[in-house]
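Student: Residue numbers (the working numbering): 812 to 1025.
As structure tokens, this is what we get:
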């Protein structure tokens, strides 16, 4: 799964890496500990153009009455996203990417759970596959997860679906309602797993020590 991540790249890094215009009215604060229900930058296609905008993490289907359902829908499994009622319409027409600097996962070691910051070795931005929807006037999103690759497997059996440049093109293509090849691709991304302090365990904690090695 993916339940926490961080964004420490500035807007220039994001707009250059993902070929999207820089919005004039959007600020991008450094975030070391992003948790569900918080708003973060995402990239979607609107009117055939890539758009960088803010959305709240935790998909809320348009038909539900209680927005708290979003806490249960922060992730969608790649294996079932095409069939599940909560996700299939968004999969067909409302896909996005979530640009992140890295994410966190916890490995159980006896009674202790060791947190890891997981990132690309060169610390370039990663692109998570995601879906979005609108509940009343609120745009929300979920992150697609898939089976862990060799790097992640010692820590957890799931990981975010991380897209390369070619997969990003397929995923964001509004004329392709079923980019199945992206969902079933082998997650062979090179990743660096860095043990970090228990400071990150509290979602209210911010600051560089969330992802600094211990």
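Even glycine gets a Cβ: it sits at the ideal position worked out from N, Cα and C.
1. Between which two residues does the beta strand (DSSP E) holding residue 929 run?
2. Would you please state the rounded distance, in angstroms, between the beta carbons of residue 973 and residue 939? I believe it to be under 8 Å.
3. Assess, as a yes-or-no matter, whether the segment 956-967 is touched by the segment 977-987 under the definition of 3 or more beta carbon pairs within less than 8 Å.
4. Give me the DSSP bridge partner(s) of residue 971.
5. Would you mind stating whether residue 851 and residue 900 have Cβ atoms separated by less than 9 Å?
6. Report the three-state DSSP secondary structure of residue 892 (helix, strand or coil).
7. Leaving out the 5 sequence neighbours to the left and right, which residues in its chain are closer than 6 Å to residue 1002 when beta-carbon positions are compared?
8. Taking DSSP's pairing of strands, which residues face residue 915 in a bridge?
9. By how many angstroms is the C-alpha of residue 976 removed from the C-alpha of residue 948?
10. Can you tell me which residues form a DSSP beta bridge with residue 950?
11. Taking the DSSP output, what are the residues bridged to residue 1006?
12. Report the CB separation of residue 936 from residue 820 in whole angstroms; it is logged as a contact under 8 Å.
Tutor: With the given structure in hand:
1. Counting from 1 along the chain shown, the entry for residue 929 is found at position 118. First-last of the beta strand (DSSP E) with residue 929: 923-930.
2. On the chain shown, position 162 is the one that residue 973 refers to. On the chain shown, position 128 is the one that residue 939 refers to. That pair is a contact at about 6 Å.
3. no
4. By 1-based counting over the chain shown, the position of residue 971 is 160. Note: residue 971 sits in a beta bridge opposite 956.
5. Looking up residue 851 in the chain shown gives position 40. Looking up residue 900 in the chain shown gives position 89. No, Cβ-Cβ distance for residue 851 and residue 900 is not below 9 Å.
6. Stepping through the chain shown from its first residue, residue 892 is reached at position 81. Coil at residue 892, not helix or strand.
7. Against the chain shown, residue 1002 aligns to sequence position 191. For residue 1002, where only same-chain residues beyond five positions count, the Cβ hits under 6 Å are 929 and 962.
8. Against the chain shown, residue 915 aligns to sequence position 104. Residue 915 pairs with 928.
9. The residue labelled residue 948 in the question sits at position 137 within the chain shown. The residue labelled residue 976 in the question sits at position 165 within the chain shown. Going by the C-alpha atoms only, they are around 31 Å apart.
10. The residue labelled residue 950 in the question sits at position 139 within the chain shown. DSSP, once it has assigned bridges, lists 945 as partnering residue 950.
11. Translated into positions along the chain shown, residue 1006 becomes position 195. 927, per the DSSP bridge assignment.
12. The residue you call residue 936 lines up with position 125 of the chain shown. The residue you call residue 820 lines up with position 9 of the chain shown. Sure, about 5 Å apart at Cβ, within 8 Å.
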